[in-house]
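Student: In the order they appear, the protein sequences are chains A and B.
Residues in the first sequence are numbered consecutively from 1, following the working numbering.
Residues in the second sequence are numbered consecutively from 373, following the working numbering.
Just so it is clear, CB atoms sit at the ideal spot from N, CA and C, and this is done for glycine as well.
Small disclaimer: the values here were computed from a predicted structure and weren't measured.
Could you have a look at this structure, given as structure tokens, before my questions?
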Amino acid sequence: MRSLALLILLVILSFGFAANEILIGVTQPLTGNYAMGGQLSLRGIEMAYEEIPTVLGRPIKLVILDNKSDKIEAANVVTRLIEQFKVSAILGTYSSALGIPGAEIANRNKVVYIAPSNTNPLVTKDKPYVFRVCFIDPFQGTVMAKFAIQHLKAKTAAVIYDVSNDYSVGLAYYFREAFIKLTGNPRSVVTYIAYQGGDQDFTAQLTAIKKANPDVIFIPAGIVGDAALIAKQARELGLKQPLLGGDTWDLPQLIEIGGSAVEGAYYSTMFDPRANLSPKTKDFVEKYRKKYNEDPGYLPALAYDAYMVLIDAITRAKSDKPEDIRRALLTTDYVGVSGRIRFDQNRDAIKDAVIKTIKNGKFEFVTIIKGE
Amino acid sequence: MGLSLFLQHLVNAISLGFVFGLVAVGYALVYGVVKLVNFAHGDVFMMSAYFMFYTSLIFGAPWLSAVLLGIVLTALLGVGIEKVAYKPLRKYPRINSLVSSIGMSFLLQNFAVVVFGGIQRSFPVPEPMKKTLIIGDVRVQAVSIYTIIFSIATVIVLGLILQKTKIGLAMRILSRDFDTARLMGINVNRTISFTFALGSALAAVSAVFWALRYPQIFPFMGQYPGSRAFIAAVVGGIGSLKGALLGGFLLGVLTVLLPAMFPEYSGYREALIFVLLVIVLIFKPNGLFGQEAGEKA
């Protein structure tokens, strides 16, 4: 009898407890082609959650679902988070290609969605409920074009991109626009050539680039492995130009697979432990090192910031209603581990770009290029 | 297009063509004998890459012995898959085995994700394979030359096995009719097991050459070569080993030459390739080397 009473009490307690929780949805590619990015991003969210597991005096519960690196599944998972779990807000996925369909659904259902690292403009475009804590590809493309022209004295460039990946298509396009504008020469991008996600052989495209003989080669690959293989095959074909890339390059796989081929390549990214982006960086890096025995890359750092920005907004809104959170997010001015975060009229963060290179098989910090 | 540029494209095309061809040969062998469209072939290919990766990396086995061990393990895996997924369905319509092979493909992929992790890994490449030969302005990968030699040798050896050995004779009879073969005193189960062992060993061999050329391994790496092998085998005449090698070669050439000749339309490459393949099949419905199914309706 007593045990029954205890059981009923427990049920009531857990019920009350559950109703009091604030549910936050998390979607990441934990399996599939983008699993590396998803798993690293999740580390950042879990670290942030360990630091702040409650808000408004109520416990936070994370609902983590795997979108399997699949565009359709990415939309399904967001639908499930909203309809089945009734989450207050969603921390979005790695990969713009997966982020675009998910953000669309969250916006349609009027649920706040924060993308940690998606840089494609379409992720937030015309979606009042969608925000991001990183910079966007028009800026990143411009930064790399500027860097190539100013630091590497490039007058011509070639671009090789993945036509099946939204991120890659976007970044390639903005790089070309900026490069042509900055050089003032409409023919300065001498080769603009596509491959398809899943390809492993890029020799046809690279041979065409070799013939055009540009000063630099821009490789905005959707997956780090593609960038590494392109670099390898470029060197095997005798291309000696400096290689440039975007933030997808910022993973150890680039060096593991690319080896000596990526030596001396440059890419833009959003975070570096040595870049002094914020007074909070040092503490975060130390905690991360202690936990995972390696330096944090940009993915855990931005996912950490995405969580913190959301908690900051909920705290200021004093509510877990999506509409209130959204209004609070619009006035965000938060210093995260990846720098100061404010949103522009498109709800994209205004951030600085970090340029890195590969030297003696290690990532090296080069410079910071200020956000506009 | 200058001569050296054209030659470079040609070298690229031939080297990719033979890689595709080698994958397609193993695929065509299983189809030719068992008449099973084995969608799991690409994933057996992927598993063999991981077998070699782990035997050489984790246990520190020397490269060649890791490869040999990988081939043996993959052959065993192939036989096991046949026993579990295809043998129980043998008396049912062929579509059942086809669906089972698709299921097996997903099973292997997801198994690999869970066990090996979804992260891309670098495949160890021994020094002699890393060399690049430079002839004038044209550059040739050492591994491409090995691939070409090995693909042709493989087709010859397989041809000899099929034509000159007892088990080869049994395989050829089996490819005509299971029941008649059984009446002739052929041990059907053993012959099919042997076919799968051989087909999977070929998947493993092609995986070695693939991974040497593109040293990035991940659980979904079998999808692309698997689908290429299927297309190559269909175009070459499904079941014909020579046809598979030629089909793969043709596919490789198209994959390289289309973006080479029309760089601004490189994004449309897959679509163009499929249009060309449909045209081939309109005029040669049995593929380039396919036999007319005349004697048996």
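1) If contact is defined by three or more beta carbon pairs under 8 Å, each pair taking one atom from either stretch, is the segment 216-224 of chain A in contact with the segment 644-660 of chain B?
2) Report yes if the CB atom of THR349 of chain B is closer than 9 Å to the CB atom of SER572 of chain B, and no otherwise.
3) If you draw a straight line from the alpha carbon of THR93 of chain A to that of GLY25 of chain A, how long is it in whole angstroms?
4) Flag this pair as yes or no: are the beta carbons of PRO214 of chain A and THR156 of chain A separated by less than 9 Å?
5) Cβ atoms of GLY258 of chain A and ALA227 of chain A: under 9 Å apart, would you say?
6) Does ASP348 of chain A pass the burial test, meaning 16 or more other C-beta atoms within 10 Å, or should it be called exposed?
7) Measure the Cβ-Cβ separation of PRO400 of chain A and ILE72 of chain A and say whether it is below 9 Å.
8) Can you name the start and end residues of the alpha helix (DSSP H) that LYS538 of chain B belongs to?
9) Excluding five sequence neighbours on each side, which residues of the same chain lie with their C-beta closer than 6 Å to the C-beta of ASN384 of chain B?
10) For LEU546 of chain B, which residues of its own chain have a beta-carbon under 6 Å away from its beta-carbon, when the five flanking residues on both sides are left out?
11) Go ahead and pull the three-state DSSP assignment for GLU104 of chain A.
12) Kindly list the residues whose CB is nearer than 6 Å to the CB of GLY170 of chain A, restricted to its own chain and excluding five residues on each side of it in sequence; keep chain order.
13) If I measure Cβ to Cβ from ARG600 of chain B and keep anything under 8 Å in the same chain, skipping five residues before and after, which residues do I get?
14) Cβ atoms of ASP352 of chain A and LEU299 of chain A: under 9 Å apart, would you say?
15) Under the assumption that VAL189 of chain A contacts ASP272 of chain A (Cβ atoms under 8 Å), give the Cβ distance between them as a whole number of angstroms.
16) For ASN658 of chain B, tell me which candidate among B:ALA525, B:PRO496, B:VAL607 and B:PHE425 has the shortest Cα-Cα distance.
17) Are PHE411 of chain B and LEU470 of chain B touching if we call contact CB-CB under 9 Å?
18) Taking ALA434 of chain A and ARG235 of chain A to be in contact with their CB atoms under 8 Å, please state how far apart those CB atoms are, rounded to whole angstroms.
19) Considering GLN481 of chain B, what are the terminal residues of the alpha helix (DSSP H) in which it resides?
20) With a threshold of 8 Å, are at least 3 pairs of Cβ atoms found where one atom belongs to the segment 418-429 of chain B and the other to the segment 566-586 of chain B?
21) Okay, do the segment 319-338 of chain A and the segment 237-247 of chain A touch, 3+ Cβ pairs below 8 Å being the bar?
22) Under 9 Å between the Cβ atoms of GLY662 of chain B and ASP415 of chain B?
23) In the structure shown, what three-state DSSP assignment does GLN241 of chain A receive?
24) Would you say GLY388 of chain A and GLU294 of chain A are within 9 Å of each other, going by their C-beta atoms?
25) Determine the DSSP secondary structure at PHE218 of chain A, reduced to helix, strand or coil.
26) Give the DSSP-derived three-state secondary structure of THR269 of chain A in the structure shown.
27) Rounded C-beta distance between GLN535 of chain B and GLY225 of chain A? I'm assuming under 8 Å.
28) Nearest by alpha-carbon distance to ASN165 of chain A: which of A:GLU286, A:TYR195 and A:MET144 is it?
29) Can you find a C-beta in chain B that's less than 9 Å from the C-beta of ASP247 of chain A?
30) Between A:LYS282, A:TYR174 and A:ALA75, which lies nearest to GLY339 of chain A when the distance is taken from Cα to Cα?
31) For ASP162 of chain A, which residues does DSSP report across the bridge?
32) Starting from ASP66 of chain A, follow the beta strand (DSSP E) in both directions and report where the run begins and ends.
33) What's the C-alpha gap between ILE539 of chain B and VAL163 of chain A?
34) What residues of chain A sit near THR446 of chain B, judged by a beta carbon separation below 9 Å?
35) Closer than 7 Å by beta-carbon distance: list the chain A residues that pair up with ALA632 of chain B, in chain order.
36) Name the residue from A:ASN185, A:VAL159 and A:ARG108 whose alpha carbon lies nearest to the alpha carbon of TYR173 of chain A.
Tutor: Based on what the coordinates show:
1) With a cut-off of 8 Å, the segment 216-224 of chain A and the segment 644-660 of chain B do not count as touching, because too few Cβ pairs lie within range.
2) Here chain B has residues from 373 to 669 only, and residue 349 of chain B is not among them.
3) Their backbone Cα atoms lie some 11 Å apart in a straight line.
4) Contact flag set, yes.
5) GLY258 of chain A sits close to ALA227 of chain A, with the two beta carbons spaced by under 9 Å.
6) ASP348 of chain A should be labelled buried.
7) Examination of residue 400 of chain A is not possible in this model, given that chain A is present from 1 through 372 alone.
8) Start and end: 538-548.
9) Here the set comprises VAL628.
10) The residues are VAL405, ALA553 and THR563.
11) Helix, per DSSP.
12) Once the five neighbours on either side are set aside, the close Cβ partners of GLY170 of chain A are ASN120 and ASP137.
13) Excluding sequence neighbours, ARG600 of chain B sits near PHE392, VAL395, ALA396, GLY620 and LEU623.
14) No, they are not a contact pair.
15) Not quite, the Cβ-Cβ distance comes to about 28 Å (not below 8 Å), so this is no contact.
16) Checked all of B:ALA525, B:PRO496, B:VAL607 and B:PHE425; the closest Cα to ASN658 of chain B is B:VAL607.
17) Yes, the Cβ-Cβ distance between PHE411 of chain B and LEU470 of chain B is below 9 Å.
18) Absent from the structure is residue 434 of chain A, since the part of chain A shown begins at 1 and ends at 372.
19) In this chain, the alpha helix (DSSP H) harbouring GLN481 of chain B covers 466-488.
20) Yes: at least three Cβ pairs fall under 8 Å.
21) By the Cβ rule, the segment 319-338 of chain A does not count as touching the segment 237-247 of chain A, because fewer than three pairs are nearer than 8 Å.
22) It is not a contact, given that the beta carbons lie outside the stated cut-off.
23) DSSP places GLN241 of chain A in the coil class of the three-state scheme, outside both helix and strand.
24) Residue 388 of chain A falls outside the range modelled here, since chain A spans only 1 to 372, and no answer is possible.
25) In the displayed model, PHE218 of chain A falls within a strand according to three-state DSSP.
26) Three-state result, THR269 of chain A: strand.
27) With a contact defined as Cβ atoms closer than 8 Å, GLN535 of chain B and GLY225 of chain A miss out at about 42 Å.
28) Measuring C-alpha to C-alpha distances from ASN165 of chain A to each of A:GLU286, A:TYR195 and A:MET144 identifies A:TYR195 as the nearest.
29) With 9 Å as the cut-off, ASP247 of chain A does not count as an interface residue toward chain B.
30) Checked all of A:LYS282, A:TYR174 and A:ALA75; the closest Cα to GLY339 of chain A is A:LYS282.
31) The partner list for ASP162 of chain A (beta bridge, DSSP) reads A:TYR195.
32) Element bounds for ASP66 of chain A: 58-66.
33) If you take the alpha carbons of ILE539 of chain B and VAL163 of chain A, they lie about 47 Å apart.
34) Within chain A, no residue comes near THR446 of chain B; the closest Cβ sits about 20 Å away, beyond 9 Å.
35) Neighbours of ALA632 of chain B on chain A, chain order: ALA204, THR207 and ALA208.
36) Nearest C-alpha to TYR173 of chain A among A:ASN185, A:VAL159 and A:ARG108: A:VAL159.
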